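A short worksheet on the structure shown next.
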Amino acid sequence: MTAFYLRWGILVVGATILVVLTYRNYEENLATMTPEQVLANSPTEEIRVKGLVRGGTLRGELEEGRASFDLAGEKDTLPVQYEGPPPENLRELKTLILIGKWKTPTRTFQAREMALVTNYGFVMGAYIVGLIPLALFLFFMGRKVCLLYDEIKQSTLYQSESDTHVDSR
Amino acid sequence: MTFLKVIRWMVWKDLISEVRSRETISSMFFFALIVILVFSFSFSMDQQAARELIAGIIWVAFVFTGIIGLGRSFSVELQNDCLEFLQMSPASKGAMYLGKVMANLIFMLTVEIILFPMFVIFFNLDVIEEIHILLLIFFLATFGLSAVGTLFSALTVQIRAREVMLPILLLPLVVPVMIAAVEATKGALNGDPLAGYWQWLELLAIFNVVFTVVSFWMFEFVMDS
Amino acid sequence: MIAISGQEISKTYGYYQVLREVNLEVGCGECYALFGPNGAGKTTLLRILATLQRPTTGRFEILGRDGVKERDTVRATLLLLAHGCHLYEDLNAWENVQFALALRGLSLAQRQVKAVLDRVAIGAFADMKVRFFSAGMKKRLALAKAMLAQPKVLLLDEPFSTLDKAGIEILKQFILETLARGGGVLMATHNQEKAAEVAKRAGVLSHGALKPVPLQDLKTHDFS
Amino acid sequence: MNKVIRRIQRYQGWFGAGAAGCLLVGLYLGLIASPPDYYQGEVVRIMYIHVPLAHTSLLAYTVLFGGSVWYLWKRDPLVDNMCHAAAGLSAVFTSLALFTGMIWGKPTWNTWWTWDARLTSFTVLLLILIGYLMLRTFIDDPEREARFAAVVAIIGFVDLPIVHFSVEWWRTLHQPQSFSLRGVSISSDLLFPLIMMSIGMSLLFTYMLLVRTQMLYLTNLLHAKKGRLLGQFHLSKADS
Chain A
676 MTAFYLRWGI
686 LVVGATILVV
696 LTYRNYEENL
706 ATMTPEQVLA
716 NSPTEEIRVK
726 GLVRGGTLRG
736 ELEEGRASFD
746 LAGEKDTLPV
756 QYEGPPPENL
766 RELKTLILIG
776 KWKTPTRTFQ
786 AREMALVTNY
796 GFVMGAYIVG
806 LIPLALFLFF
816 MGRKVCLLYD
826 EIKQSTLYQS
836 ESDTHVDSR
Chain B
-19 MTFLKVIRWM
-9 VWKDLISEVR
1 SRETISSMFF
11 FALIVILVFS
21 FSFSMDQQAA
31 RELIAGIIWV
41 AFVFTGIIGL
51 GRSFSVELQN
61 DCLEFLQMSP
71 ASKGAMYLGK
81 VMANLIFMLT
91 VEIILFPMFV
101 IFFNLDVIEE
111 IHILLLIFFL
121 ATFGLSAVGT
131 LFSALTVQIR
141 AREVMLPILL
151 LPLVVPVMIA
161 AVEATKGALN
171 GDPLAGYWQW
181 LELLAIFNVV
191 FTVVSFWMFE
201 FVMDS
Chain C
7 MIAISGQEIS
17 KTYGYYQVLR
27 EVNLEVGCGE
37 CYALFGPNGA
47 GKTTLLRILA
57 TLQRPTTGRF
67 EILGRDGVKE
77 RDTVRATLLL
87 LAHGCHLYED
97 LNAWENVQFA
107 LALRGLSLAQ
117 RQVKAVLDRV
127 AIGAFADMKV
137 RFFSAGMKKR
147 LALAKAMLAQ
157 PKVLLLDEPF
167 STLDKAGIEI
177 LKQFILETLA
187 RGGGVLMATH
197 NQEKAAEVAK
207 RAGVLSHGAL
217 KPVPLQDLKT
227 HDFS
Chain D
2 MNKVIRRIQR
12 YQGWFGAGAA
22 GCLLVGLYLG
32 LIASPPDYYQ
42 GEVVRIMYIH
52 VPLAHTSLLA
62 YTVLFGGSVW
72 YLWKRDPLVD
82 NMCHAAAGLS
92 AVFTSLALFT
102 GMIWGKPTWN
112 TWWTWDARLT
122 SFTVLLLILI
132 GYLMLRTFID
142 DPEREARFAA
152 VVAIIGFVDL
162 PIVHFSVEWW
172 RTLHQPQSFS
182 LRGVSISSDL
192 LFPLIMMSIG
202 MSLLFTYMLL
212 VRTQMLYLTN
222 LLHAKKGRLL
232 GQFHLSKADS
C-alpha cells in the first residue's frame, strides 16, 4: 500500500512541475497586454497586445503588408503601425493580438506579426477534462486492487486453488 | 434435408400460433396506429412539411412496432419453458434462427403493408409510380431489422429487465438501417431517379448479408450453454 | 456402457456454490433416484446433464460422449422431462407432438402417434389447444412426446407431481420400458415410495454434495 | 492464484512507468515546446489530448472484440474478465474523447456539437458500450453473462464500420464536410508530440487493462472463496 501511494506521489510531483512550467511559459511568451497597460508602462522589450481594430481608422496597403490603424482597449486607444507579412485577419472591428515593440518617441506601436486570439480556457479545459478523470479512475482502480490483495491475504481465505478441499461427508 | 425442414417447422409453428391468437400482429398494428396519431398531433403538418418529415415518421413507426414484435417473438417461448426445449433439441440452432427471422419478417412486413396505405391517406402521399421500389426498400430494411433483432430478442429474453434491454441494445446497432431506409424512402417518395438513392439500397443489402451471417453464427452461442 | 457419468461437477452462481464436486454414475438399464430438500441443487444437476448449463468445473459423459464437446450428439440421445412441459399454448396437442418430433429429426406414422396419445388418454383432446389443458393433461402430453422420442437417457425432474394415479402408472410403465430397452434414467423426486418401486440406486443431494443411500432406507427415512 | 495473474503482477509496473514517462514528455512537448498551428493557433494543442483518446478508445474496442472471440472459443473466465475491463475502459476513453472533441469544436467550429460523421459514430460506439455494460449487470449466471456479453461485443464491432460509412454518406448528402481535418497535412513539429501522446495513451490503456482485469479477477476470487466458506458452514450445520 505504501509503495502504491509513493508511486502516485511521484506522479503528482511530476504533473505539478509540468503545470508550473506550462503556466510560466504562458506568462512569459504568450500573455498579452491591454493598450492601457502599454500606454501606462511604456515597455521597451517585445510584447503582445490584444485589442479591437477601431472602425474607420484602418488604412494602408494590406497586400504589401503595410497598414496603420488604432487598436482600442477598454478606455484608451493605441496608434499602430504594422509592417510584416500580408495579414489575413486584419479587418475593422476585429479583435487581434499584435506582436511588436512600443516606440516611445513616436508614441506608436510598431507591430511585426499578427496572431489569432487564443483562448487558453478551451485548451486547459480539454486537458483537465481529458486527464483528471483518467487519473482518478486509475487511482481508485489501483487502490481497489491493493485493498483486494490485502483482504485476500489477511483473511483465512487465502489458499491456493488446489488446497481448497471441500469435505463432502 | 433436415436443415430446411427445421426452418419450415419453425416458421410454421410461429405462423399457426399467430393465426390462432393474433396477439403479436394486432398489438403491433395498434401500437403503430397510436404512433402515427401522436406524430400527427406533435407536428402540424402542411404538404411541404409532410414531404420532409414523412420518411422519418414512417420508419420511426415501423422500427418501434418492429421492436414490439421482436420482443414478443421469444417471450412467447418462455411459456412452459419452450425456450429450454429449443435449446436442448439436437436440431441446428442456425436453422432455428433463420426460421425465426423469417417469421418475424413476415409479421413485420404484414403490419407495414397494412399501415402504409394509412400513411398514404393521412399524409396525402403520391406513391403509385414508386410502389415497387418502396416495397423493395421495406423488404430490405425490415429484413435487416429482423436479422439483428431476432438475435437480440433471443438474448434479452434470457436476462432480467428484458423489455428495457432489447431497445437499448438494438437501436444503436440498427442506425445504418434507419439512415438508409429513411433516405431511400425519401428519395422514392420525392420521385427522384433511382440512381440518386441506389447506394442506400446497396448499403441495406450489405448490412443484411453481413448481419445474417454473423447472427447466424452467434445464435449458436446465444441459445447454447 | 455407462448411461450417465458425471465427474466432479461443480456449479457456482456468483457467491453461491450450488453443486460441489458431484460424482455420479448411472449404468444402462439402471434407474437412479435423486432426493434432497428444496434448493439442494437437484434441478441444477439435471439441467447440467441435459446440456442446458455448463458446469463451472468438472465434466460429464452421456453414453460415453462428452456432454460439452459433443453436445449435439448427446442431445439426440437424451430427454429432460421438467416442470415446464415444453408445450406451445396456441398449438393443439397433435401439432405440439409433430413439432417436437420434427425438431428431433423423427417422422413417425400417424397411427403410431395416435396410439401413444390414446395410451396417455388424451387422444380425445388431440385437436384442442394446449391453452385449455389442465396441468395434469399437459404433463401427460409431455409424457407422450417423451414416449414417441424414445430417448436412451431419460432425465426426470419431479415426474410424479401433478399426475393422477393412472398417470403415474403410465409413467412407471414408460420408465420400465426405457430401462428394458437398455436406457438410463435419472430422476429427482420427493416421492420416495414411488421412486423405490423403479429405482435400483438412490442418492441424497444436500447443499450441493451427493451421498448415496441404501434403497431399503427409502421406506423408513425421510430425505427431503 | 492464477499463473497469468501472477505474471501480470510482476510486469504491469513497466507499462505504468512507460505510460507515465511517455505522457509527461508528450505533455511537455504538446503544451510547451511545440509551435501553434498556422490555421488554428494555440487551440490546436487540444489535438494532442483528443486524438490519442479517440485512438485508444478504438484500440480498447478492438481488444474487447479480440477477447470476445477468444472467450467464445476457449471459455476462459480470465479472458472474460479482460473483456469486461476493456469494455469499461473503452467507455471511459470514448466519453473523454467526445468531451474533449466538444471542447475543441467550440473555438474551431463555433459550436459544441455537430452531427459530424466521426462524432456520430463515436456516440453510437458509446451507446453500444453502455448497452454492453448494462447487459452485464442484468445476468446472474457468470457463464451466461460472459457468453452474452461476448456476442454483443462481436456484433457491435462488426456494426461499427457500417455505422461509420452510413453516417458519412448521410452527412455528405446533407452538407459538405466543412469540418473535416483531412487534407490538412500535419507538419512534423505537430506530429511528434501527437505520436508521443498516442504511444503514451496506448501504454496507459494497457496498464489500466492489466490493473482492471486483476481487479475483476480478484473480486470474483473473493466471491468464490466466500461462497465456498459459506457452503462449508451450511454443510457442517446440516450434518451435525
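Protein chains in written order, with my numbering: chain A, 676 to 844; chain B, -19 to 205; chain C, 7 to 230; chain D, 2 to 241. Where a beta carbon is used, it is the ideal one built from N, C-alpha and C, also for glycine. Values in this document were obtained by computation on a predicted structure and should not be read as measured data.
**Report entry** B:E64: contacting residues in chain C (beta-carbon distance under 9 angstroms)
**Finding:** The answer, in chain order, is R53, A56, L58, L86, A88, G90, H92.
Requested in this report: Decide yes or no for the touch test of the stretch 15 to 30 of chain B against the stretch 99 to 108 of chain B: beta carbon pairs closer than 8 angstroms, at least 3 of them.
Outcome: yes
**Report entry** N- and C-terminal bounds of the alpha helix (DSSP H) containing C:D96
**Finding:** Where C:D96 is concerned, there is no enclosing alpha helix (DSSP H), given that its DSSP letter is neither H nor E.
Query raised in the report: To the nearest angstrom, how far is it from the Cα of D:T214 to the Cα of A:F812?
Result: 14 angstroms
Requested in this report: Can you check DSSP and say which residues form a bridge with C:Y38?
Outcome: C:L192, C:R207
Query raised in the report: Going by the beta-carbon positions, is the gap between C:G111 and B:T(-18) smaller than 8 angstroms?
Result: yes
Query - chain C residues whose Cβ lies nearer than 7 angstroms to that of B:R140 - result: Correct list: empty, because the minimum Cβ distance to chain C is about 14 angstroms.
Query raised in the report: Would you say the stretch 119 to 136 of chain B touches the stretch 49 to 66 of chain B, given that touching needs at least three Cβ pairs under 8 angstroms?
Result: yes
Query raised in the report: In whole angstroms, what separates the C-alpha of C:I181 from that of C:L224?
Result: When rounded, the distance between both Cα atoms is 19 angstroms.
Query raised in the report: Helix, strand or coil: which one does DSSP assign to A:E826?
Result: Assigned with DSSP and collapsed to three states, A:E826 falls in helix.
**Report entry** Sufficient close CB pairs (3 or more, under 8 angstroms) joining the stretch 749 to 768 of chain A to the stretch 783 to 790 of chain A
**Finding:** Short answer: they touch.
Query raised in the report: Can you give the Cα-Cα distance for D:S69 and B:S22, rounded to whole angstroms?
Result: 43 angstroms
Requested in this report: Just confirm the distance between the C-beta atoms of C:L69 and C:V159, as a whole number of angstroms; I'd bet it's less than 8 angstroms.
Outcome: Contact flag correct, Cβ pair sits at about 7 angstroms.
Query raised in the report: Closest Cβ-Cβ distance between B:V202 and chain D: below 8 angstroms?
Result: yes
Query - Interface flag, B:Q179 vs chain D, CB-CB below 8 angstroms - result: Chain D places a beta carbon closer than 8 angstroms to that of B:Q179, counting this residue as a contact.
Report task. Can you give me the start and stop residues for the beta strand (DSSP E) that B:Y177 sits inside? Result -> First-last for B:Y177: 174 to 203, but that is the alpha helix (DSSP H), not the beta strand (DSSP E).
Requested in this report: Check the C-beta distance from B:T192 over to B:A121 and give it rounded, since I have them as a contact under 8 angstroms.
Outcome: Going by Cβ atoms, the distance from B:T192 to B:A121 rounds to 14 angstroms, so no, they are not a contact pair.
Query raised in the report: For D:G201, which residues of its own chain have a beta-carbon under 6 angstroms away from its beta-carbon, when the five flanking residues on both sides are left out?
Result: In chain order, A20, C23, L24, G27 place their CB closer than 6 angstroms to the CB of D:G201, counting only its own chain and leaving out the 5 sequence neighbours on each side.
Query raised in the report: Helix, strand or coil: how does DSSP classify D:I131 here?
Result: helix
Query - Nearest-angstrom Cα separation, counted from D:S96 out to B:E163 - result: 29 angstroms
Requested in this report: Go ahead and pull the three-state DSSP assignment for B:E(-2).
Outcome: helix
Requested in this report: Out of C:V210, C:R146, C:E183, C:W100, point me to the one whose CA is closest to C:T168's CA.
Outcome: C:R146
Query raised in the report: Any C-beta of chain C sitting closer than 8 angstroms to the C-beta of B:A71?
Result: yes
Query raised in the report: So which residues on chain B does D:W170 lean against when the C-beta distance must stay under 7 angstroms?
Result: Q179
Query raised in the report: Which of the three DSSP states, helix, strand or coil, is assigned to D:R183?
Result: Confidence is the limiting factor: at D:R183 the pLDDT is only 46, short of 50, which leaves the residue's position unreliable, though a coordinate-based value still follows. Of the three classes helix, strand and coil, the one that applies to D:R183 here is coil, per DSSP.
Query raised in the report: Looking at the C-beta of D:S179, does it have a partner C-beta in chain A at a distance below 8 angstroms?
Result: Residue placement at D:S179 cannot be trusted, given a pLDDT of 43 that sits under 50; what the coordinates show is reported in the next sentence. Output row for D:S179: interface = no.
Report task. Decide if D:N82 is buried, meaning its Cβ has at least 16 other Cβ atoms within 10 Å, or exposed. Result -> So D:N82 ends up on the buried side.
Query raised in the report: Any idea if B:P156 is buried or exposed, counting beta-carbon neighbours within 10 angstroms, 16 or more meaning buried?
Result: buried
Report task. Out of A:S743, A:R734, A:I803, A:G731, state which residue places its alpha-carbon closest to the alpha-carbon of D:T49. Result -> Reading the sequence as shown, one finds Tyr at residue 49 of chain D and not Thr. Measuring from the Cα of D:Y49, the nearest candidate turns out to be A:I803.
Query raised in the report: Does the beta-carbon of D:P53 have 16 or more other beta-carbons within 10 angstroms, so that it is buried, or is it exposed?
Result: It counts as buried.
Query raised in the report: Comparing the CB of C:G33 with every heavy atom of the ligand ADP, is any distance shorter than 7 angstroms?
Result: As presented, the structure is devoid of all ligands, the ligand ADP included, so that no description of it is given.
Query - Whole-angstrom distance between B:M68 and C:T184, CA atom to CA atom - result: 20 angstroms
Query raised in the report: Are there 16 or more other CB atoms within 10 angstroms of the CB of B:F146, so buried, or fewer, so exposed?
Result: Before going on, a small fix: residue 146 of chain B reads as Leu here, not Phe. Per the 10 Å Cβ criterion, buried.
**Report entry** Whole-number beta carbon distance between D:T207 and D:F66, since they are thought to touch under 8 angstroms
**Finding:** Their Cβ separation, rounded to whole angstroms, is 16 angstroms, which puts D:F66 and D:T207 out of contact at 8 angstroms.
**Report entry** Inter-residue CB distance, D:G89 and D:I129 (contact presumed, cutoff 8 angstroms)
**Finding:** Incorrect: roughly 13 angstroms between the Cβ atoms, too far for contact.
Requested in this report: Figure out for me which residue from C:Y22, C:V136, C:L52, C:R207 has the closest Cα to the Cα of C:G12.
Outcome: Ranked by how close their Cα comes to the Cα of C:G12, the residues C:Y22, C:V136, C:L52, C:R207 have C:L52 in first place.
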